[in-house]
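According to this note's numbering, the stretch in the sequence shown is residues 843 to 999, in order.
Data first, discussion second: the structure below is written as structure tokens.
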Amino acid sequence: MKNCILFTTKHGSTEKAALLLKEKFKAEADIINLKEIKNPDISKYDTVILGASIYMGKIQKRMRKFIEENMNELLKKNIALFIMAGQKEKAQETLRNAFPTALFEHALAKEYFGYEMILEKMNFIEKAATKAQGVIESRSEILYETIEKMAHRINKL
Ligand SMILES: Cc1cc2nc3c(=O)[nH]c(=O)nc-3n(C[C@H](O)[C@H](O)[C@H](O)COP(=O)(O)O)c2cc1C
């Protein structure tokens with residue numbers, strides 16, 4: 843049983859969540875940043891977990907492209923999906939809209955893992971947009987129990 847976590851991130855919170863998830867797996871897992879390895883070979887994995895963060899309502903283009911190009915193969919695997927997103931109250935709707943319907947419905951687990959907003963990591967425009975939303979200091983709300991719940995589901999496979 844081999845697991846792979848593929849992720850995209852802009853400021854690192856999705857990577858942090860991906861590493862926390864990997865720590866909870868019983869089986870061996872590879873972890874791949876799609877910015878570094880653009881089209882990894884997923885043929886050797888039984889389970890693929892896709893994680894991405896939300897900017898302007900969407901996951902990163904790199905992740906969308908990867909899914910589009912590998913959809914047939916992804917649909918043959920155990921799939922789990924997660925997002926990081928600042929708007930907690932809209933998180934389930936955002937999660938639902940973040941991935942193509944076929945993949946979302948095929949996935950055995952799909953979760954919202956919380957968010958981080960670290961002002962020092964943002965550029966001037968991002969910082970201004972964040973402050974305009976009322977966030978005036980850095981925040982971290984990673985949902986550790988939800989990460990554990992997904993790991994538990996995958997460990998049962
Ligand atoms: C410029 C900007 C735009 C964002 N847009 C959204 C959004 O549309 N919806 C949302 O729920 N969160 C939004 N967020 C919050 C991010 O999704 C959140 O900070 C996430 O943890 C970032 O993950 P990353 O560090 O892996 O890139 C935005 C954050 C920034 C800085």
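Just so you know, even glycine gets a beta-carbon here, dropped at the ideal spot from N, CA and C.
Neighbourhood of residue i by C-beta distance below 6 Å, restricted to the same chain and skipping five residues each side
| i | result |
| --- | --- |
| Leu917 | His948 |
| Ile874 | Leu848 and Pro882 |
| Phe946 | none |
Beta-carbon gap between residue i and residue j smaller than 8 Å
| i | j | result |
| --- | --- | --- |
| Leu937 | Ile891 | no |
| Ile996 | Phe867 | yes |
| Thr851 | Leu999 | no |
| Ala922 | Phe849 | no |
| Phe941 | Leu985 | no |
| Met905 | Leu876 | yes |
| Met926 | Ala974 | no |
| His853 | Ile960 | yes |
| Glu915 | Tyr957 | no |
Own chain residues within Cβ distance below 7 Å of residue i, not counting five before or after
| i | result |
| --- | --- |
| Asn912 | Ile884 |
| Asn920 | Asp888, Thr889, Leu950 and Leu999 |
| Met898 | none |
Cutoff 8 Å; reference residue i; Cβ partners in own chain excluding five residues on either side
| i | result |
| --- | --- |
| Glu962 | Ser980 |
| Gly934 | Position check: residue 934 holds Gln in this sequence, whereas Gly was assumed. These residues qualify, in order along the chain: Tyr954. |
Reduced DSSP category for residue i - H, G, I as helix; E, B as strand; rest coil
| i | result |
| --- | --- |
| Phe849 | strand |
| Met959 | strand |
| Lys866 | helix |
| Ser982 | strand |
| Lys952 | strand |
| Met992 | helix |
| Asn965 | coil |
| Lys858 | helix |
| Lys973 | helix |
CA-to-CA distance, residue j to residue i, given in whole angstroms
| i | j | result |
| --- | --- | --- |
| Ser855 | Ile896 | 11 Å |
| Gly928 | Val977 | 10 Å |
| Phe924 | Asn845 | 15 Å |
| Lys952 | Ile967 | 31 Å |
| His840 | Ile879 | Here the chain comprises residues numbered 843 to 999, so residue 840 is not present and cannot be evaluated. |
| Lys903 | Asn965 | 19 Å |
| Lys886 | Lys900 | 29 Å |
| Lys969 | Asn939 | 25 Å |
| Ala869 | Met992 | 14 Å |
| Glu857 | Asp872 | 13 Å |
| Glu865 | Glu931 | 28 Å |
message: Quick check on the DSSP output: what are the complete alpha helix (DSSP H) runs of length 4 or more inside the segment 870-948, in order along the chain?
response: Here the runs fully enclosed are 903-916, 933-940 and 943-948.
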